[in-house]
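The structure under discussion appears below in the form of structure tokens.
Residue numbers (this note's numbering), protein chains in the order written: chain B, 241 to 554; chain D, 138 to 281.
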């Protein structure tokens with residue numbers, strides 16, 4: 241029997257199954273139709289009955305049932321319903337159990353909420369999540385004036401907000417392209433070449449983009465390279481990379497990559513003076529390259545780099 | 138105890154895959170879920186005595202809201218007497234439209250798991266109460 245105790249684990253697995261067999265559009269359709277307007281029918285019914293307050297009551301009940309550590313805030317005079325999630329039990333299940341089957345589990349939330357809200361004349365205005373179980377979102381009734389809230393418990397004021405990597409949704413659409421597209425745009429016509437870790441200088445003389453580990457990066461004078469931060473990262477290396485970046489113009493800074501494996505997702509790169517690296521698991525999963533098997537041995541840094549290069553082959 | 142509303146999700150996903158892609162796609166989904174997502178759990182059954190498989194199911198149902206299930210075992214068989222299926226109960230209590238093939242998911246998911254464990258799965262009954270059996274096969278693939 242498929243129970244509810246491990247639902248979030250096979251929910252993530254299901255997303256990947258649908259994506260793999262039927263494509264990304266089919267997955268978005270699953271979120272919108274199956275979850276948004278069938279599974280979550282009680283949200284629609286209560287939203288129809290009592291507007292934002294109906295949704296507020298429904299989400300609060302869900303919070304009790306799922307033991308969410310969050311605060312929902314309703315201000316009908318400002319036409320706003322907002323949540324600040326401190327610890328999402330759903331994403332938390334995946335992190336606790338070392339699961340990461342589909343590209344981005346957190347995306348399913350907006351996938352169904354957008355659809356459900358659309359059926360009752362409401363919309364998601366703004367949303368962000370950091371893939372560590374923290375997120376926030378603001379919803380409103382369409383076509384009415386709306387004022388964003390300034391709250392003491394805004395999750396973005398939590399020090400742990402600096403962990404992980406951010407995805408932002410504005411007017412219900414993801415603001416940044418998929419990590420694969422970000423890397424491809426950054427690469428342009430060039431291709432990735434894995435640096436010989438023992439002799440990094442040799443490889444970086446080509447016109448290709450060198451892919452190297454963070455520790456190797458600290459030993460080279462390469463510019464315009466891609467740097468994979470090892471798992472688990474060590475603070476000394478991270479601070480070394482941050483110091484090196486600090487002395488470089490933006491155009492010469494490397495592209496930082498990191499696996500964000502469940503057990504090491506909550507690294508506070510920002511606190512160390514680094515930009516949040518791009519996540520590589522969505523790149524590997526999209527390309528059909530082995531990404532994360534919780535039962536397998538953790539890949540070496542060299543193996544991660546081989547997989548990245550393979551995933552970005554044209 | 139997890140939130141019972143997740144049973145809504147299963148019912149809705151089954152309906153969507155069935156209506157959009159057909160019964161064969163739904164069966165494939167269930168079987169791949171059993172053999173894929175539950176691979177480690179199923180493989181742990183392979184070398185385990187039936188009493189350990191029974192203990193695994195007993196623990197599983199203890200964490201399902203409102204489940205009333207008696208699990209027994211002998212040397213070759215684990216029997217799950219499901220007096221109250223928690224999924225069907227919650228869906229009914231909430232007035233949800235339950236897909237007519239809801240119970241089939243147990244057949245396909247658990248069969249795929251059982252095959253990895255050198256076992257066979259069977260079910261009688263359904264729609265809220267049923268009996269499920271996991272039967273160990275001999276090395277030659279026949280039942281003991």
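Just so you know, even glycine gets a beta-carbon here, dropped at the ideal spot from N, CA and C.
From a predicted model like this one, the values you see are computed outputs, not experimental measurements.
So which residues on chain B does residue i lean against when the C-beta distance must stay under 8 Å?
i, result
"residue 147 (chain D)", "242 and 247"
"residue 168 (chain D)", "In chain order: nothing, as chain B lies at least about 11 Å away."
"residue 200 (chain D)", "243 and 245"
Hey, residue i and residue j are a contact pair by Cβ (cut 8 Å); roughly how many whole angstroms apart?
i, j, result
"residue 386 (chain B)", "residue 320 (chain B)", "6 Å"
"residue 323 (chain B)", "residue 299 (chain B)", "7 Å"
"residue 257 (chain D)", "residue 274 (chain D)", "6 Å"
"residue 348 (chain B)", "residue 255 (chain B)", "6 Å"
"residue 581 (chain B)", "residue 344 (chain B)", "Look at the range of chain B in this structure, 241 to 554, and you will see that residue 581 (chain B) is not part of it."
"residue 277 (chain B)", "residue 356 (chain B)", "6 Å"
"residue 269 (chain D)", "residue 217 (chain D)", "4 Å"
"residue 496 (chain B)", "residue 469 (chain B)", "6 Å"
"residue 350 (chain B)", "residue 374 (chain B)", "Not confirmed; about 15 Å, so no contact."
"residue 244 (chain B)", "residue 144 (chain D)", "6 Å"
"residue 503 (chain B)", "residue 338 (chain B)", "6 Å"
"residue 204 (chain D)", "residue 215 (chain D)", "That pair is no contact at about 16 Å."
"residue 183 (chain D)", "residue 255 (chain D)", "6 Å"
"residue 326 (chain B)", "residue 403 (chain B)", "No, residue 326 (chain B) and residue 403 (chain B) are not in contact; Cβ-Cβ is about 12 Å, not under 8 Å."
"residue 308 (chain B)", "residue 407 (chain B)", "So it is not a contact: roughly 19 Å between Cβ atoms."
"residue 430 (chain B)", "residue 447 (chain B)", "7 Å"
"residue 382 (chain B)", "residue 363 (chain B)", "5 Å"
"residue 279 (chain B)", "residue 146 (chain D)", "5 Å"
"residue 263 (chain D)", "residue 226 (chain D)", "Contact flag wrong, Cβ pair sits at about 13 Å."
"residue 405 (chain B)", "residue 371 (chain B)", "6 Å"
Can you name the start and end residues of the alpha helix (DSSP H) that residue i belongs to?
i, result
"residue 274 (chain B)", "Unbroken run through residue 274 (chain B): none, as it is neither H nor E."
"residue 195 (chain B)", "Only positions 241 to 554 of chain B appear in this structure, which leaves residue 195 (chain B) out of reach."
"residue 261 (chain D)", "Note, residue 261 (chain D): premise wrong, no alpha helix (DSSP H); beta strand (DSSP E) at 256-263."
"residue 439 (chain B)", "Residue 439 (chain B) -> no alpha helix (DSSP H), and no H or E assigned at all."
"residue 250 (chain D)", "241-253"
"residue 250 (chain B)", "247-262"
"residue 521 (chain B)", "521-527"
In terms of residues, what are the limits of the beta strand (DSSP E) holding residue i?
i, result
"residue 540 (chain B)", "It is not in any beta strand (DSSP E) - residue 540 (chain B) carries neither H nor E in the DSSP assignment."
"residue 363 (chain B)", "362-369"
"residue 345 (chain B)", "Neither: residue 345 (chain B) is in no beta strand (DSSP E) and is coded neither H nor E."
"residue 270 (chain D)", "266-273"
"residue 378 (chain B)", "375-381"
"residue 497 (chain B)", "495-498"
I want to verify the contact list: residues of chain B whose CB lies under 7 Å from the CB of residue i, in sequence order.
i, result
"residue 304 (chain D)", "One cannot answer for residue 304 (chain D) here, as it falls past the ends of chain D, which runs 138 to 281."
"residue 177 (chain D)", "535"
"residue 246 (chain D)", "242"
"residue 197 (chain D)", "243"
Residue i versus chain D: which residues are under 8 Å apart at the beta carbon?
i, result
"residue 305 (chain B)", "140, 141 and 142"
Determine the chain B residues that contact residue i at a beta-carbon separation under 9 Å, and present them in chain order.
i, result
"residue 242 (chain D)", "241 and 242"
"residue 152 (chain D)", "274 and 278"
"residue 238 (chain D)", "Those within 9 Å of residue 238 (chain D) in chain B number zero; the least Cβ separation is about 13 Å."
Comparing the C-beta of residue i with each C-beta of chain C, is any distance below 8 Å?
i, result
"residue 227 (chain D)", "Absence of chain C from the displayed structure is noted, the protein chains being B and D."
Inset, instruction - Could you please tell me which residues of the stretch 274-299 of chain B, in chain order, have their CB closer than 7 Å to any CB of chain D? - result: 274, 275, 278 and 279
Inset, instruction - Closer than 7 Å, Cβ to Cβ, to anything on chain D: give me those residues from the stretch 307-333 of chain B, in chain order. - result: none
Inset, instruction - Mind checking the stretch 249-270 of chain B against chain D and listing, in chain order, the residues whose C-beta falls within less than 8 Å of any C-beta there? - result: 249, 250, 251, 253, 254, 257, 258, 261, 262, 266, 269 and 270
Inset, instruction - Can you check the stretch 145-229 of chain D for any beta strand (DSSP E) of at least 3 residues that lies completely inside it and give the ranges in chain order? - result: 205-210 and 214-221
Inset, instruction - Return the residues of the stretch 523-548 of chain B that lie within a Cβ-Cβ distance of less than 7 Å from chain D, sorted by chain order. - result: 535
Inset, instruction - Give, in chain order, every unbroken run of the beta strand (DSSP E) that is at least 3 residues long and sits entirely within the stretch 302-343 of chain B. - result: 309-315 and 320-327
Legend entry - Chain-ordered residues of the stretch 249-280 of chain D with a beta carbon less than 7 Å from chain B: none
Legend entry - Ranges of the beta strand (DSSP E) found wholly within the stretch 398-472 of chain B, counting only runs of at least 3: 407-410, 432-434, 449-453 and 466-468
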